[in-house]
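Residue numbers (our numbering): 252 to 316.
Note that the Cβ used here is the ideal one computed from N, Cα and C, for glycine as well.
Keep in mind that this is a model prediction, so the values were computed, not measured.
So the structure is just underneath, and the comments pick up after that.
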């Protein structure tokens, strides 16, 4: 299943994942299979927001490491 059709995609960084809409911490729901990069589905922990989105590893940064 191609989750990118249904959810916005954002890049991972070295800080805990926060919601791109409201800034609250998120819950890692699951790892997404069948993807080239590391991809995770996250949901905002704010009871008001509950935004669900994909976080992907930045391939360019991984090439520098």
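Option in the options with minimal Cα separation from residue i
i           : options               : result
residue 255 : 298, 278, 290 and 274 : 290
residue 261 : 281, 298, 293 and 297 : 293
residue 275 : 266, 282 and 283      : 266
Length of the line joining the Cα atoms of residue i and residue j
i           : j           : result
residue 264 : residue 309 : 8 Å
residue 304 : residue 271 : 9 Å
residue 299 : residue 307 : 24 Å
residue 301 : residue 277 : 9 Å
Extent of the continuous beta strand (DSSP E) to which residue i belongs
i           : result
residue 294 : 290 to 295
residue 262 : 260 to 262
residue 281 : 277 to 282
Exposure label - residue i; buried when at least 16 CB within 10 Å
i           : result
residue 273 : exposed
residue 295 : buried
Opposing strand residues paired with residue i [DSSP bridges]
i           : result
residue 302 : Its beta-bridge partners do not exist; DSSP assigns none.
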